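J.: Residue numbering for the sequence shown follows my numbering, beginning at 98 and increasing consecutively.
Using N, Cα and C, we set each Cβ at its ideal position, and we do this for glycine too.
Just so you know, these numbers come straight off a predicted model, no measurement behind them.
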Amino acid sequence: MSPKVALGAVSLLSAAVVLAGCGGGNDNKGSGTTSGNAGKGPITFVTGKDNSGLMPHLAEAWNAKHPDEKVTVKQQSDQADQQLSDLQQHFQAKDPGYDVVTVDVVWTAEFAAKGWLTPLTGKNAMDTSSLLGPTVKAATYNGTLYAAPYASDAGLLYYRKDLVPKAPTTWDEMIAACQGKTSPTITGPKPACYAGQFAKYEGLTVNASEAINSAGGQIVKEDGKTPNLETAEAAKGLEFLVNGFKQGYIPKEALGFQETQSLNAFQAGQLLFMRNWPYADAILAGTGSKVAGKFDIAPLPGPNGPGASSLGGHSVALSAYSKNQGTGLEFLKFIQSPEIQSYNLTQGSQAPVIASLYDDQALIKKFPYLPVLKKGIENAIPRPVTPFYPAVTEAIETNAYAALQGTTSVESALKSLQAAIQSATAG
Numbered sequence: 098m099s100p101k102v103a104l105g106a107v108s109l110l111s112a113a114v115v116l117a118g119c120g121g122g123n124d125n126k127g128s129g130t131t132s133g134n135a136g137k138g139p140i141t142f143v144t145g146k147d148n149s150g151l152m153p154h155l156a157e158a159w160n161a162k163h164p165d166e167k168v169t170v171k172q173q174s175d176q177a178d179q180q181l182s183d184l185q186q187h188f189q190a191k192d193p194g195y196d197v198v199t200v201d202v203v204w205t206a207e208f209a210a211k212g213w214l215t216p217l218t219g220k221n222a223m224d225t226s227s228l229l230g231p232t233v234k235a236a237t238y239n240g241t242l243y244a245a246p247y248a249s250d251a252g253l254l255y256y257r258k259d260l261v262p263k264a265p266t267t268w269d270e271m272i273a274a275c276q277g278k279t280s281p282t283i284t285g286p287k288p289a290c291y292a293g294q295f296a297k298y299e300g301l302t303v304n305a306s307e308a309i310n311s312a313g314g315q316i317v318k319e320d321g322k323t324p325n326l327e328t329a330e331a332a333k334g335l336e337f338l339v340n341g342f343k344q345g346y347i348p349k350e351a352l353g354f355q356e357t358q359s360l361n362a363f364q365a366g367q368l369l370f371m372r373n374w375p376y377a378d379a380i381l382a383g384t385g386s387k388v389a390g391k392f393d394i395a396p397l398p399g400p401n402g403p404g405a406s407s408l409g410g411h412s413v414a415l416s417a418y419s420k421n422q423g424t425g426l427e428f429l430k431f432i433q434s435p436e437i438q439s440y441n442l443t444q445g446s447q448a449p450v451i452a453s454l455y456d457d458q459a460l461i462k463k464f465p466y467l468p469v470l471k472k473g474i475e476n477a478i479p480r481p482v483t484p485f486y487p488a489v490t491e492a493i494e495t496n497a498y499a500a501l502q503g504t505t506s507v508e509s510a511l512k513s514l515q516a517a518i519q520s521a522t523a524g
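This is how it looks when you write it as structure tokens:
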């Protein structure tokens, strides 16, 4: 995940709080027109703050080829909750000035259900055959493609190759690798065993979803409404995290870890294993890192083999209110081109959505983790695909955190989570 995407992931709890009171569901009162706006002309591309410095090249490359249909890039803040609030306000106002917008993978269902996005079907159809399958699935709602995958991501396992002989493929192998080599806290005389992101924020939804999905469980069924948490598989997944705190293979300090805290701990040599996004690689290998040259990257482990990462990343979509959707559609195809996808990887560390780029030997030489990342994305499962996502993620964070703290049992946490999602999606 690029730093920009990382900020989006760690900030979504605020988005959940903002939107929880707004409701969700299939409310099409604000629906725009999905046909008849195939006009050509200048467009505005609305996206989060360009922390990676990619937007000038994108705009210049497009504008050089389309002098009569130039794109203007409107950057939002670097906070996902503010980005989401801004998009909501402009969609509700039916603003034709927001032609093309960046959509976090967890926003697609809500935006589509409210009629804010133009479906990419019929004359707007896009060829997705060259793309990684999970990125297309994340841009799809009710069987219809609503957005063009633009940048992907998957969680990875970082491990100290100088301290363990090989990457673990299962949870038990990881725990066994720590026995006798680690301390139960990051302040101990040895490194602690494992940490991800377990503070009460969107990162906990990511980590809890990964554990539950890796164990074969499911948070919300395919209809986007029905919770499916009172199962042995869901319990097994959550128990892996809960037992980590009970048994000490997850340090107690990790209850407060977001991405930065877990990254800092691993970089300081205080962890044997860490779950994080691909952007961490460059930081860990950089000047001043105590683990530079001492770590490697592998797929996340699961109970019986490689686990299932939560899918990260962004898509780009056509606003239903744009007057120049013809140009907007061509812009969507442009940002999916190998030229732009390669540039974004090499210059901004953005994970591409074109599958073949992960097999390019020149790129692998520069980014050795690409094959592992490809496998991670191919095995990734999106966080719950639902138009009620803000309320669902808040329920996951609240109940999973209570279980990790030990204030409630796994069984009670899942029962409460089941009830909370049922209530949130009932309307």
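I'd like to check one pair, L214 with V200: are the Cβ atoms closer than 9 angstroms?
T.: Taking the sequence shown and counting its residues from 1, one reaches residue 200 at position 103. Taking the sequence shown and counting its residues from 1, one reaches residue 214 at position 117. In this structure, L214 lies closer than 9 angstroms to V200 by Cβ.
J.: Would the segment 366–375 count as touching the segment 292–312 if we require 3 or more Cβ pairs under 8 angstroms?
T.: A contact exists between the segment 366–375 and the segment 292–312.
J.: Where P286 and Q344 are concerned, what is the direct C-alpha to C-alpha distance, given to the nearest angstrom?
T.: Counted from its first residue, the sequence shown places residue 286 at position 189. Counted from its first residue, the sequence shown places residue 344 at position 247. Straight-line spacing of the CA atoms in P286 and Q344 works out to 18 angstroms.
J.: Is there contact between the segment 382–391 and the segment 308–322, where contact requires at least three CB pairs shorter than 8 angstroms?
T.: no
J.: Check for me: the beta strand (DSSP E) holding K146 runs from which residue to which?
T.: For this step, residue 146 is matched to residue 49 along the sequence shown. Where K146 is concerned, there is no enclosing beta strand (DSSP E), given that its DSSP letter is neither H nor E.
J.: Excluding the 5 residues preceding and the 5 following A382 in the sequence, name in chain order all residues of the same chain whose CB lies nearer than 7 angstroms to its CB.
T.: Taking the sequence shown and counting its residues from 1, the one referred to as residue 382 is at position 285. Within the same chain, Cβ atoms closer than 7 angstroms to the Cβ of A382 are found at A389, the five residues on either side in sequence being excluded.
J.: The beta strand (DSSP E) that contains M271, what's its start and end?
T.: Residue numbering aside, residue 271 sits at position 174 when the sequence shown is read from its first letter. It is not in any beta strand (DSSP E) - M271 instead sits in the alpha helix (DSSP H) that spans W268 to C275.
J.: With burial defined as no fewer than 16 other Cβ atoms inside 10 Å of the residue's Cβ, what is the status of Q189: buried or exposed?
T.: Mapped onto the sequence shown, residue 189 falls at position 92. Classification for Q189: exposed.
J.: Give me, in chain order, the residues of the same chain whose beta-carbon lies closer than 7 angstroms to that of S174; leave out the 5 immediate sequence neighbours on both sides.
T.: Your numbering for residue 174 matches position 77 in the sequence shown. Closer than 7 angstroms at Cβ, skipping near neighbours: K146 and Q180.
J.: Would you list the residues sitting across from S280 in a DSSP beta bridge?
T.: The count along the sequence shown starts at 1 and reaches residue 280 at position 183. According to DSSP, which records beta bridges pairwise, S280 is partnered with A289.
J.: Starting from V507, trace the beta strand (DSSP E) in both directions and tell me its first and last residue.
T.: Here the question's residue 507 lines up with position 410 in the sequence shown. Taken as a continuous stretch (DSSP letters only), V507 belongs to no beta strand (DSSP E), being part of the alpha helix (DSSP H) at V507 to T522.
J.: Using the C-alpha atoms, what's the distance from E494 back to G219?
T.: Taking the sequence shown and counting its residues from 1, the one referred to as residue 219 is at position 122. Taking the sequence shown and counting its residues from 1, the one referred to as residue 494 is at position 397. Going from the Cα of G219 to the Cα of E494 covers about 39 angstroms.
J.: Cβ atoms of V450 and T241: under 9 angstroms apart, would you say?
T.: Within the sequence shown, numbered from 1, the residue matching residue 241 stands at position 144. Within the sequence shown, numbered from 1, the residue matching residue 450 stands at position 353. The answer is no: Cβ separation not under 9 angstroms.
J.: Below 9 angstroms between beta carbons: does that hold for Y330 and G341?
T.: For this step, residue 330 is matched to residue 233 along the sequence shown. For this step, residue 341 is matched to residue 244 along the sequence shown. For the sequence presented, residue 330 should be read as Glu rather than Tyr. One thing to note: E330 has its Cβ no nearer than 9 angstroms to the Cβ of G341.
J.: Is it buried or exposed, P153, if we count other Cβ atoms within 10 angstroms and call 16 or more buried?
T.: Within the sequence shown, the letter at position 56 stands for residue 153. Label assigned to P153: exposed.
J.: Compute the Euclidean distance between the alpha carbons of K430 and L408, then round it to the nearest angstrom.
T.: The sequence position of residue 430 within the sequence shown is 333, counting from 1. The sequence position of residue 408 within the sequence shown is 311, counting from 1. For K430 and L408, the distance between alpha carbons rounds to 22 angstroms.
J.: Run the CB neighbour count on A523, radius 10 Å, all protein chains shown included, and call it buried at 16 or more, exposed below.
T.: Locating residue 523 in the sequence shown gives position 426, where the first residue counts as 1. Exposed is the call here.
J.: Give the single residue among V143, K234, H163 and Q185 whose Cα lies nearest to the Cα of P479.
T.: For the purposes of this step, residue 479 is taken as residue 382 along the sequence shown, with counting starting at 1. The residue with the shortest Cα to Cα distance from P479 is K234.
J.: Using CA coordinates, which residue listed in Q515, K137, P484 and A500 is at the minimum distance from N239?
T.: As a working mapping, residue 239 is identified with position 142 in the sequence shown. Of the candidates Q515, K137, P484 and A500, the one whose C-alpha sits nearest the C-alpha of N239 is P484.
J.: How many whole angstroms separate the CB atoms of L229 and I394, which I take to be in contact at a CB cut-off of 8 angstroms?
T.: As a working note, residue 229 is residue 132 in the sequence shown. As a working note, residue 394 is residue 297 in the sequence shown. So it is not a contact: roughly 18 angstroms between Cβ atoms.
J.: Once DSSP output is grouped into helix, strand and coil, what is the label at A492?
T.: Sequence index remark: in the sequence shown, residue 492 carries index 395 (1-based). Helix.
J.: What's the call for N401, buried or exposed, on a 16-neighbour Cβ count within 10 Å?
T.: The sequence position of residue 401 within the sequence shown is 304, counting from 1. Exposed, since its Cβ has fewer than 16 Cβ neighbours within 10 Å.
J.: Going by DSSP, what residues sit across from A371 in a beta bridge?
T.: Mapped onto the sequence shown, residue 371 falls at position 274. Going by the sequence as given, residue 371 is Met instead of Ala. Answer is Y255 and A292.
J.: Return helix, strand or coil for Q172, following the three-state DSSP convention.
T.: In the sequence shown, residue 172 corresponds to position 75, counting from 1. Correct three-state label for Q172: strand.
J.: Would you list, in sequence order, the uninterrupted beta strand (DSSP E) runs of no fewer than 3 residues that lie entirely inside the segment 384–457?
T.: 392–395 and 408–415
J.: Considering D201, what are the terminal residues of the beta strand (DSSP E) in which it resides?
T.: Here residue 201 is taken as the residue at index 104 of the sequence shown, counted from 1. V197 to D201 is the span of the beta strand (DSSP E), which, as asked, contains D201.
J.: Around the C-beta of E436, are 16 or more other C-beta atoms found within 10 angstroms, so that it is buried, or is it exposed?
T.: Along the sequence shown, read from residue 1 onward, the residue named residue 436 stands at position 339. Exposed, by the Cβ-count rule.
J.: Give me the Cα-Cα distance between G150 and N441, rounded to the nearest whole angstrom.
T.: Residue mapping note: residue 150 aligns to position 53 of the sequence shown, counting from 1. Residue mapping note: residue 441 aligns to position 344 of the sequence shown, counting from 1. Whole-angstrom Cα-Cα distance: 9 angstroms.
J.: Spatial neighbours of D224 within its chain, please: CB distance less than 7 angstroms, with the 5 preceding and 5 following residues excluded, ordered by chain position.
T.: The residue given as residue 224 occupies position 127 in the sequence shown. Correct list: empty, nothing qualifies.
J.: Would you check if there are 3 or more beta carbon pairs closer than 8 angstroms linking the segment 487–503 to the segment 259–279?
T.: no
J.: Among P164, A206, G277 and L155, which has the Cα closest to the Cα of K171?
T.: In the sequence shown, the residue the question calls residue 171 occupies position 74. It is L155.
J.: My output table needs one value for T323: the three-state DSSP class, helix, strand or coil.
T.: On the sequence shown, residue 323 is found 226 positions in, with the first residue counted as 1. T323 falls in the coil class under three-state DSSP.
J.: Quick one: Cα of T237 to Cα of A248, how far?
T.: Residue 237 sits at position 140 when you count from the first residue of the sequence shown. Residue 248 sits at position 151 when you count from the first residue of the sequence shown. Those two C-alpha atoms are separated by around 15 angstroms.
J.: Using the rule of at least 16 other Cβ atoms within 10 Å of the residue's Cβ for burial, across every protein chain shown, is D250 buried or exposed?
T.: Taking the first residue of the sequence shown as 1, we reach residue 250 at position 153. Classification for D250: buried.
J.: How big is the Cα-Cα spacing for S446 and K137?
T.: Translated into the one-based positions of the sequence shown, residue 446 becomes position 349. Translated into the one-based positions of the sequence shown, residue 137 becomes position 40. Roughly 32 angstroms separates the two Cα atoms.
J.: Please say whether P398 and T266 have beta carbons closer to each other than 9 angstroms?
T.: Position 169 of the sequence shown, counted from the first residue, corresponds to residue 266. Position 301 of the sequence shown, counted from the first residue, corresponds to residue 398. In contact: T266 and P398 (Cβ atoms closer than 9 angstroms).
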